[in-house]
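Quick notes on the structure that follows.
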Amino acid sequence: MVFSALGTSPAGLTQAEAETRQARQGKNLIESEKGRSPILAFLSNFTHLMAVLLWVAGIIAFVAGMPELGVAVWLVNVINGCFSFWQEYRAGKATDALKKMLPSYVNVIRDGQEQKILAEDLVPGDVMSLAEGDKISADARVVRASDLQVNQSTLTGESNPVRKTADAVLEEDLTQAETPNLIFAGTSVSEGNGRAVVTRIGMDTEFGKIAHLTQSMEESESPLQLQLNRTTKQITVFASCMGILFLLLDTFFVGSGFAPAFIFALGMVVAFIPEGLLPTVTLSLAMAVQRMSKRNALVKKLNSVETLGSTSVICTDKTGTLTQNEMTVNHLWTVSHEYEVTGVGYAPKGEVLCDGRRVEAADDDDLLLLVSGGALCSNARLLEPEEEGGRYTVLGDPTEACLLVSARKAGIEPTEQERSWPRVRELPFESRRKRMTTIHQLSEPLDGASRVAFVKGAPNEIVRLSTRARVNGESVEMADDLREKIMAANDAYAADGLRVLAVAYRPLLPTDESIPSSPSEYDPDSIERNLTFVGLEVMQDPPRPEVAEAVAQCHRAGIRVIMITGDYGLTAVSIARKIGIVQGERPRVFSGVELEKTSDEELREALKGEVVFARMAPEQKLRVVENLQQMGEVVAVTGDGVNDSPALKKADIGVAMGITGTDVAKEAADMVLTDDNFASIVHAIEEGRAVYANIRKFMLYILNSNVPEAVPSAVYLLSGGAVPLPLTTMQILTIDLGTDMLPALGLGCEAPEADVMDRPPRNPKEPLLNGTVMRKAFLWYGIMGSLASVAAFLFAQIEGGWLPGLTMFGVGADLDPVYVHATTMCLAAIVFTQIGQVLNCRTETASVFSRGIFSNRQINIGIVFEVCLIVFITLFPPFQAIFHTGPLGLTDYIFLCCLPPIVLAVEEARKALFRHVRRRRAERAGAEER
Ligand code: ATP
26 MVFSALGTSP AGLTQAEAET RQARQGKNLI ESEKGRSPIL AFLSNFTHLM AVLLWVAGII
86 AFVAGMPELG VAVWLVNVIN GCFSFWQEYR AGKATDALKK MLPSYVNVIR DGQEQKILAE
146 DLVPGDVMSL AEGDKISADA RVVRASDLQV NQSTLTGESN PVRKTADAVL EEDLTQAETP
206 NLIFAGTSVS EGNGRAVVTR IGMDTEFGKI AHLTQSMEES ESPLQLQLNR TTKQITVFAS
266 CMGILFLLLD TFFVGSGFAP AFIFALGMVV AFIPEGLLPT VTLSLAMAVQ RMSKRNALVK
326 KLNSVETLGS TSVICTDKTG TLTQNEMTVN HLWTVSHEYE VTGVGYAPKG EVLCDGRRVE
386 AADDDDLLLL VSGGALCSNA RLLEPEEEGG RYTVLGDPTE ACLLVSARKA GIEPTEQERS
446 WPRVRELPFE SRRKRMTTIH QLSEPLDGAS RVAFVKGAPN EIVRLSTRAR VNGESVEMAD
506 DLREKIMAAN DAYAADGLRV LAVAYRPLLP TDESIPSSPS EYDPDSIERN LTFVGLEVMQ
566 DPPRPEVAEA VAQCHRAGIR VIMITGDYGL TAVSIARKIG IVQGERPRVF SGVELEKTSD
626 EELREALKGE VVFARMAPEQ KLRVVENLQQ MGEVVAVTGD GVNDSPALKK ADIGVAMGIT
686 GTDVAKEAAD MVLTDDNFAS IVHAIEEGRA VYANIRKFML YILNSNVPEA VPSAVYLLSG
746 GAVPLPLTTM QILTIDLGTD MLPALGLGCE APEADVMDRP PRNPKEPLLN GTVMRKAFLW
806 YGIMGSLASV AAFLFAQIEG GWLPGLTMFG VGADLDPVYV HATTMCLAAI VFTQIGQVLN
866 CRTETASVFS RGIFSNRQIN IGIVFEVCLI VFITLFPPFQ AIFHTGPLGL TDYIFLCCLP
926 PIVLAVEEAR KALFRHVRRR RAERAGAEER
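If you're matching positions, the sequence shown starts at 26 in the working numbering and goes up one per residue.
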């Protein structure tokens, strides 16, 4: 009925029909509302506090009869505004590109085959296959449901899962969302699985109708942006106060009159305002995010980059993140025999050996039940290689896929088995239950029943639920010594780091009253009990080769790694030891049950030492995260399932797995790993630290030039005008917005320093502009620049003959070639010192030569640009008039060229001394420890 109404069938649409429908109905897309209009975004760069200040300053300059200055100040404002807009635009483009890298997929049945397609390619009539954690991408009618529960909070605000069924609904007074056989785009599967036929797509869906409401939500600013906003405002206010102070001092102390004093004060204001800071920071965050994406970490929000930099603990799961998630069953175990399974990978090439002899499932009843039970209770599919000599791949859970491979090695063909023992019902796998069940109709009765439940899962769970066991082809009563024997075998494998899954069955006898009569009423409580234990499937899942180094890197970087896994304690500890997470003799191992009984205080005490969390239910991760956060840690947490969402949301950095992760986990996370690899988290942290360091380097550079811009004015003021003003307002603007900009941007692109991961994490409470940056900028680099600039001015002035009584530019001094030469030298000296300083800023403590002095292309371009600019404005008369400059001679250039090497050498000497002292201290500390 449903199928025919939508022109489809349980085998889905054909590919050709789907394409025809798409051509007619379009793609399944929610059209995004236009964000903030680009014009408004552009204008906002001209209306903030600093811009308004500069507009007003320009007006005053006009009114005071200095149109040339007025135009210059406005021009500065326009250039700055356009530059900021351009930076924001580039940052926006970078983040847009990232969004496209997280496409959403759906599993559909087309041409009778299950396949994965882009969600935007869904058409009405498509049959979607839904599993726990899937995002639902279109409105649809459920046609098959196995414990299907859906989270509809995006539509209704109600976060409790709603049960959905395939049955017809006769009640009439139900809202759309309440209708149990309808599911909606924008919601997600929180439990169970099923199939549904798409009824509406794109803007026709319920979600499409309300999309404009959600789209109008503003993106919040990151703490770093807020901090920078605040800092910029504070600096702007400070600069204005300084301007007013200088204006008053000049008017009353030096007495040069309002107009020149005003120009002078304006110069001071402009000198102090850090123009372009905010957009540059946004851009360098966006660039970092792009770099991270190339290293398999997709960051969803720019804020996360800074948090990553201060991460102090990573809570990681094991399977797939630390290990390869390419499972191979290498042993099978029944109470009567132990078998070895040869071959690696998913290729079904290998054999099952017992005491060195090949055995087939057909000759051994227990082995037959073990491998066929494992294979039947599996939803994975084995895909043949596409070309000859290619690799076998899998669709679905690798833990399940390897069971299919072991069955084939034992001579069982899982698809044929499934045909003769068809599945009646599934009780899906849940991390909380740690097991899964499928119910089958058998062709021949087993233990007197024609319907049987196969259960596979964590051995301790299965053994706990088993009342019988298969021994030598017979079903016998489960005794305590048998339980111990099974668990001893399990422990021996687990201690070698192997992953063990137990298989059991239960004959569903019609006479058994504990079993519901209808399969639709089967649930874990009624079915997963009184089991008959069959055996163990033992699989290896080796650690990823790069993980041990990544863990070691974390330890050097002062980051703790804590394993929180659903797997067994012994397996977990063995793997943790192999990759260096656990180094001590006796790590504390918490099991889920034990954690339940532990108080928060005890847990926090344990978290101070070496600890592994095993057999955890995903919900328990949240508790560990909360306690770590209470201990002041910045926590990154990995997760992939629906139930991981609370922990992912609560964590400072939630990390979802891109390959095995569910859509729900990806949505809750701040970062998605496209390769599911732990090492990628560590790379992202490294980038996060580097970006923060780069922003500091950038700040240091632009702040340090304020000092040599301000000191000459102070010299002029303090001498009561006896020393002419060494640097004019136009020249200050030239440095701030001309020569300094490009090299500063280059600092934003510095690659991470070699020792960035050798330092402890940054304290998140520490402000961006910390004491070290301030001291370096204002006292050390600033003083070097001031000395050079004032010295250059005074030498030039004295060399040309001192001109006592000259006040400042604008009252005749510009006509004096000696003064013009001196002030040009002052300007050029600052610019040339800045060349040395930008190279100094590239590293914090390492020698800049160690990373190649000219290895940053952007900085090199910036340096060439600033030198050209200086030559240009000093050489050509029209520019000389605007910038109050004159031509420089050969000796001037020789002097100027000496400045960068000098500042570089002085700072290199300081860095070398610093490194020496640090090394000595470390040696002394090491000796004391010994
Ligand atoms: P991690 O938490 O590190 O990813 P994990 O895969 O072992 O490791 P879960 O997915 O929570 O964690 O699984 C918990 C346990 O449930 C596993 O250790 C295994 O014993 C069992 N298990 C895992 N997958 C299945 C499955 N598909 N069917 C039945 N049991 C399973």
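All C-beta atoms in this analysis are idealised placements derived from N, C-alpha and C, irrespective of residue type, glycine included.
Exercise. Examine the ligand PLP and report whether any of its heavy atoms sits within less than 7 Å of the Cβ of threonine 336.
Key: In the structure on display, the ligand PLP does not appear, and the ligands it does have are the ligand ATP.
Practice problem: Could you name the residues of the same chain whose beta carbon sits closer than 7 Å to that of alanine 802, not counting the 5 residues immediately before and after it, in chain order? | Solution: As a first step, residue 802 must be located in the sequence shown, where it is residue number 777. Closer than 7 Å at Cβ, skipping near neighbours: Leu725, Leu728, Asn729.
Quiz item: Exposed or buried, which one is glutamate 775 when buried takes at least 16 other CB atoms within 10 Å?
Solution: Within the sequence shown, residue 775 is the residue found at index 750, counting from 1. Label assigned to glutamate 775: buried.
Quiz item: From threonine 849 to glycine 807, what distance separates their C-alpha atoms?
Solution: Taking the first residue of the sequence shown as position 1, residue 849 is located at position 824. Taking the first residue of the sequence shown as position 1, residue 807 is located at position 782. For threonine 849 and glycine 807, the distance between alpha carbons rounds to 19 Å.
Quiz prompt | Cut-off 7 Å between Cβ atoms - residues of its own chain near glutamine 654, not counting five sequence neighbours on either side | solution = Walking along the sequence shown from the start, residue 654 turns up at place 629. So the list reads Val660, once near-sequence residues are dropped.
Quiz prompt | leucine 526 CB to nearest heavy atom of the ligand ATP below 7 Å | solution = As a working mapping, residue 526 is identified with position 501 in the sequence shown. Yes, the Cβ of leucine 526 comes within 7 Å of a heavy atom of the ligand ATP.
Quiz item: Does the Cβ-Cβ distance between glycine 182 and threonine 33 come in under 8 Å?
Solution: One-based indexing of the sequence shown puts residue 182 at position 157. One-based indexing of the sequence shown puts residue 33 at position 8. Contact flag unset, no.
Quiz item: So does lysine 646 have its beta carbon nearer than 7 Å to some heavy atom of the ligand ATP?
Solution: As a working note, residue 646 is residue 621 in the sequence shown. No, since every heavy atom of the ligand ATP falls outside the 7 Å radius drawn around the Cβ of lysine 646.
Self-check item: For alanine 296, the three-state DSSP class (helix, strand or coil)
Solution: Your numbering for residue 296 matches position 271 in the sequence shown. Alanine 296 falls in the helix class under three-state DSSP.
Quiz item: Is threonine 224 buried or exposed, if buried means 16 or more other CB atoms sit within 10 Å of its CB?
Solution: Position 199 of the sequence shown, counted from the start, is the residue given in the question as residue 224. Threonine 224 comes out buried.
Quiz item: Hey, how far is the Cα of lysine 722 from the Cα of alanine 704?
Solution: Locating residue 722 in the sequence shown gives position 697, where the first residue counts as 1. Locating residue 704 in the sequence shown gives position 679, where the first residue counts as 1. Each residue's alpha carbon lies about 27 Å from the other.
Exercise. Using alpha carbons as the reference points, say which of Leu333, Tyr844, Ala296, Leu392 lies closest to histidine 362.
Key: The sequence position of residue 362 within the sequence shown is 337, counting from 1. Here the closest residue by C-alpha is Leu392.
Exercise. Could you tell me which uninterrupted alpha helix (DSSP H) segments, each at least 4 residues in length, are contained entirely in the segment 748–834, listed from first to last along the chain?
Key: 754–758, 766–773, 796–799, 807–824
Quiz item: Between which two residues does the beta strand (DSSP E) carrying histidine 465 extend?
Solution: Sequence index remark: in the sequence shown, residue 465 carries index 440 (1-based). Element bounds for histidine 465: 460–471.
Practice problem: Could you tell me if the beta carbon of threonine 307 falls within a distance shorter than 7 Å of some heavy atom in the ligand ATP? | Solution: Position 282 of the sequence shown, counted from the first residue, corresponds to residue 307. No, since every heavy atom of the ligand ATP falls outside the 7 Å radius drawn around the Cβ of threonine 307.
Exercise. Would you kindly work out how many angstroms separate the C-alpha atoms of glutamine 112 and glycine 482, rounded to a whole number?
Key: The count along the sequence shown starts at 1 and reaches residue 112 at position 87. The count along the sequence shown starts at 1 and reaches residue 482 at position 457. Taking the straight line from one Cα to the other gives about 53 Å.
Self-check item: Straight-line Cα distance separating alanine 577 from methionine 503
Solution: As a first step, residue 503 is located in the sequence shown; it is residue number 478 there, counting from the start. As a first step, residue 577 is located in the sequence shown; it is residue number 552 there, counting from the start. Whole-angstrom Cα-Cα distance: 46 Å.
Quiz item: Regarding phenylalanine 454 and the ligand ATP, is the C-beta to nearest heavy atom distance less than 7 Å?
Solution: Counting from 1 along the sequence shown, the entry for residue 454 is found at position 429. Yes - the ligand ATP has a heavy atom lying nearer than 7 Å to the Cβ of phenylalanine 454.
Practice problem: Would you list the one or two residues that DSSP bridges to histidine 846? | Solution: Taking the sequence shown and counting its residues from 1, the one referred to as residue 846 is at position 821. According to DSSP, which records beta bridges pairwise, histidine 846 is partnered with nothing at all.
Quiz item: Just how far apart, CA to CA, sit cysteine 579 and proline 792?
Solution: Position 554 of the sequence shown holds residue 579. Position 767 of the sequence shown holds residue 792. Rounded to whole angstroms, cysteine 579 to proline 792 spans 24 Å at the Cα level.
Exercise. Give me the Cβ distance between aspartate 566 and threonine 418, rounded to the nearest whole Å; I'm assuming they're in contact under 8 Å.
Key: Start at 1 with the first residue of the sequence shown, and residue 566 comes out as number 541. Start at 1 with the first residue of the sequence shown, and residue 418 comes out as number 393. So it is not a contact: roughly 16 Å between Cβ atoms.
Self-check item: Identity of the residue in Ala694, Val488, Leu401, Val501 nearest asparagine 328 by Cα
Solution: For the purposes of this step, residue 328 is taken as residue 303 along the sequence shown, with counting starting at 1. For asparagine 328, the nearest C-alpha among the options comes from Ala694.
Exercise. List the residues that DSSP assigns as beta-bridge partners of glycine 482.
Key: In the sequence shown, the residue the question calls residue 482 occupies position 457. Partner(s): Arg460, Ala527.
Quiz item: According to the neighbour-count rule (16 or more other Cβ atoms, all chains shown, within 10 Å of its Cβ), is threonine 870 buried or exposed?
Solution: Indexing the sequence shown from 1 puts residue 870 at position 845. With fewer than 16 Cβ atoms within 10 Å of its Cβ, threonine 870 is classed as exposed.
Quiz item: Looking only at its own chain, which residues have a Cβ that is under 7 Å from the Cβ of arginine 316, when we skip the five neighbours before and after it?
Solution: For the purposes of this step, residue 316 is taken as the residue at position 291 of the sequence shown. Closer than 7 Å at Cβ, skipping near neighbours: Glu712.
Exercise. Would you verify that the beta carbon of glutamate 385 is, or is not, closer than 8 Å to some beta carbon of chain C?
Key: No chain C is part of this structure, which consists of one protein chain only.
Self-check item: Minimum C-alpha distance to serine 456 - residue among Ile886, Gln645, Tyr717, Cys851
Solution: Within the sequence shown, residue 456 is the residue found at index 431, counting from 1. Comparing Cα positions, the closest option is Gln645.
Quiz item: Closest by CA to glycine 657, which one among Phe920, Pro643, Lys633?
Solution: Within the sequence shown, numbered from 1, the residue matching residue 657 stands at position 632. Considering only Phe920, Pro643, Lys633, the residue with the shortest C-alpha distance to glycine 657 is Lys633.
Practice problem: Using three-state DSSP, classify phenylalanine 723 as helix, strand or coil. | Solution: For this step, residue 723 is matched to residue 698 along the sequence shown. Phenylalanine 723 falls in the helix class under three-state DSSP.
Practice problem: Please say whether leucine 401 and tryptophan 446 have beta carbons closer to each other than 8 Å? | Solution: Within the sequence shown, residue 446 is the residue found at index 421, counting from 1. Within the sequence shown, residue 401 is the residue found at index 376, counting from 1. Result yes, Cβ atoms of tryptophan 446 and leucine 401 sit closer than 8 Å.
Quiz item: So is the beta-carbon of tyrosine 518 under 7 Å away from any non-hydrogen atom of the ligand ATP?
Solution: In the sequence shown, counting from the first residue as 1, residue 518 sits at position 493. Within the chosen limit of 7 Å, the ligand ATP does not reach the beta carbon of tyrosine 518 with any heavy atom.
Quiz item: Does DSSP classify glycine 837 as helix, strand or coil?
Solution: Here residue 837 is taken as the residue at index 812 of the sequence shown, counted from 1. At glycine 837 the pLDDT is 47, less than 50, meaning the model places this residue with poor confidence and gives no usable figure here.
Exercise. Would you mind sorting isoleucine 919 into buried or exposed? The rule is 16 or more other CB atoms within 10 Å of its CB.
Key: Translated into the one-based positions of the sequence shown, residue 919 becomes position 894. Per the 10 Å Cβ criterion, exposed.
Quiz item: Since asparagine 515 contacts arginine 531 with CB under 8 Å, what's their CB separation in whole angstroms?
Solution: Looking up residue 515 in the sequence shown gives position 490. Looking up residue 531 in the sequence shown gives position 506. So it is not a contact: roughly 20 Å between Cβ atoms.
Quiz item: Can you give the Cα-Cα distance for threonine 868 and leucine 270, rounded to whole angstroms?
Solution: What you label residue 868 is simply residue 843 of the sequence shown in a count that begins at 1. What you label residue 270 is simply residue 245 of the sequence shown in a count that begins at 1. Answer to the nearest angstrom: the Cα atoms are 36 Å apart.
Exercise. Determine, using beta carbons only, whether isoleucine 678 and methionine 696 come nearer to each other than 8 Å.
Key: Within the sequence shown, numbered from 1, the residue matching residue 678 stands at position 653. Within the sequence shown, numbered from 1, the residue matching residue 696 stands at position 671. In contact: isoleucine 678 and methionine 696 (Cβ atoms closer than 8 Å).
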